[in-house]
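J.:
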Amino acid sequence: MKELVINGVRIRPGQSINIDIAIARLPTHTLIDLPVYIKRAKEDGPVVLISGGVHGDEINGIVAVRKMLDEEVIHPVKGTIIFIPLVNIYGFLSNSRTFPDGRDLNRSFPGSKKGSLASQIAYILMNDVIPMVDYGLDFHTGGRMLSNYPQIRVDYKDKKGLELAKAFGANFIINSPHIDKSFRKEAFKKRKHILVYEGGESMRLDDYAVEEAVLGTRRMLAYLGMIDQEFEQKHGILIEESSWVRAKVSGIFSSSVRLGDEIKKGQILAKISDPYGQVKIPVKAIHNGHVIGLNNNPVVNAGDALVHVGRVSS
1 MKELVINGVR IRPGQSINID IAIARLPTHT LIDLPVYIKR AKEDGPVVLI
51 SGGVHGDEIN GIVAVRKMLD EEVIHPVKGT IIFIPLVNIY GFLSNSRTFP
101 DGRDLNRSFP GSKKGSLASQ IAYILMNDVI PMVDYGLDFH TGGRMLSNYP
151 QIRVDYKDKK GLELAKAFGA NFIINSPHID KSFRKEAFKK RKHILVYEGG
201 ESMRLDDYAV EEAVLGTRRM LAYLGMIDQE FEQKHGILIE ESSWVRAKVS
251 GIFSSSVRLG DEIKKGQILA KISDPYGQVK IPVKAIHNGH VIGLNNNPVV
301 NAGDALVHVG RVSS
């Protein structure tokens with residue numbers, strides 16, 4: 001039976017336990033803890049990390065993980081599930097993606113014990129949690145006013161990761177190479193397979209994105225034999241590459257497509273007009289593909305990202 005120890009606490013087979021990892025203090029000297037919730041089955045099996053809020057303003061992921069805990073929809077019959085609903089507590093308190101010093105946690109791995117706040121938390125994750133983990137799901141959203149259709153991002157070169165992404169069954173499976181200093185890349189260096197789920201936009205709750213996050217998690221855990229539930233496999237669309245259609249002029253942006261739509265080359269995706277109705281510029285698709293992301297801001301500047309188009313292999 002695999003020994004499971006996190007932050008000096010041993011988790012025994014059949015045990016459910018909550019651990020608070022002390023990470024730092026606010027300027028007021030208020031102690032900040034990182035709450036970790038662990039459910040371990042009596043039977044040995046994979047260890048899966050489910051995390052949200054690496055970016056503090058990405059609320060959908062936090063709610064999705066909390067929902068799994070609140071409704072107790074996930075009880076492992078084999079293996080262990082580690083839930084961390086909110087990783088970036090500092091960003092959450094300030095409605096910010098980053099830390100008070102502007103650092104992005106997801107570009108701060110593997111971290112340092114004596115570095116910046118972001119670096120210290122990255123260090124804790126890499127040294128106290130990741131060594132125990134086999135697989136992971138890290139929940140994210142789009143940016144401010146940029147909404148993502150439910151999608152799983154995985155490097156197609158990671159065959160085990162791609163296998164799990166297909167089992168998760170998001171609407172789209174995006175080929176996303178590992179990014180330097182990211183949580184996913186540093187975990188992969190240690191032979192841990194972390195998938196990134198994207199759904200909705202930051203600072204805005206999206207019930208559908210949350211629901212798909214929970215359902216996909218349950219499908220993947222069932223595929224691994226960790227929960228006693230059966231799901232019909234959902235076949236997501238494989239997106240080999242993607243690019244943003246950008247505004248050529250500034251003005252009022254009015255989209256004529258919705259998230260998830262299939263589009264054709266030359267199709268009018270949107271129009272940009274001036275405030276007086278004298279100028280109307282069509283925005284056309286330059287490739288066949290699917291709308292996997294969309295700008296929700298009605299006022300745009302030249303160069304702004306408007307429609308994220310994912311393309312399947314030809």
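Note that full-length UniProt numbering has the sequence shown beginning at 1, numbered continuously upward. Yeah, the Cβ is synthetic: ideal placement off N, Cα and C, and Gly gets one too. Fair warning: this is a prediction, and the values are worked out from it, not measured in the lab.
From the beta carbon of Ile89, is the nearest beta carbon of chain C less than 8 Å away?
T.: Annotation note: the requested chain C is absent from the structure, which comprises a single protein chain.
J.: How would you write the range of the alpha helix (DSSP H) that Thr217 sits in, first residue to last?
T.: Looking at the DSSP string, the run of the alpha helix (DSSP H) that includes Thr217 is Asp207 to Tyr223.
J.: Does the distance from the CB of Phe92 to the CB of Gly136 come in under 8 Å?
T.: no
J.: How about Ala118 and Phe99: do their beta carbons lie closer than 8 Å?
T.: yes
J.: Would DSSP call Ala270 helix, strand or coil?
T.: When DSSP states are grouped into helix, strand and coil, Ala270 belongs to the strand group.
J.: Could you check which residue in Ile62, Pro76 and Asp20 has the C-alpha nearest to that of Asp228?
T.: Pro76
J.: Take Lys190 and list the residues in its own chain whose beta-carbon comes closer than 7 Å to its own, dropping the five residues that flank it on each side.
T.: Ile130
J.: At what residues does the beta strand (DSSP E) containing Lys39 begin and finish?
T.: Counting along the chain, the beta strand (DSSP E) containing Lys39 begins and ends at Leu31 to Arg40.
J.: When DSSP labels each residue in this structure, what does Leu164 get in the three-state scheme?
T.: Leu164: helix per DSSP, three-state reduction.
J.: Does the stretch 99-116 come close enough to the stretch 217-227 that 3 or more CB-CB pairs lie under 8 Å?
T.: no
J.: Using DSSP's beta-bridge definition, name the partner residues of Val291.
T.: Val309
J.: With Gln151 as the anchor, note down where its beta strand (DSSP E) starts and where it stops.
T.: Leu146 to Val154
J.: Give the DSSP-derived three-state secondary structure of Asp20 in the structure shown.
T.: strand
J.: Below 6 Å CB to CB, which residues in the same chain sit around Asn297 once its five sequence neighbours on both sides are set aside?
T.: Met145
J.: Classify Ile286 as buried or exposed, calling it buried when 16 or more other Cβ atoms lie within 10 Å of its own Cβ.
T.: Ile286 is exposed by the Cβ-count criterion.
J.: Under a Cβ-count criterion, where at least 16 other Cβ atoms within 10 Å of its own Cβ denotes burial, should Asn95 be classed as buried or exposed?
T.: Within 10 angstroms of the beta-carbon of Asn95 lie fewer than 16 other beta-carbons, which makes it exposed.
J.: Rounded to the nearest angstrom, how far is the Cβ of Leu294 from that of Ser242, given a contact under 8 Å?
T.: 13 Å between Cβ atoms; not a contact.
J.: Between which two residues does the beta strand (DSSP E) holding Lys264 run?
T.: That residue, Lys264, is in no beta strand (DSSP E); it is neither H nor E in DSSP.
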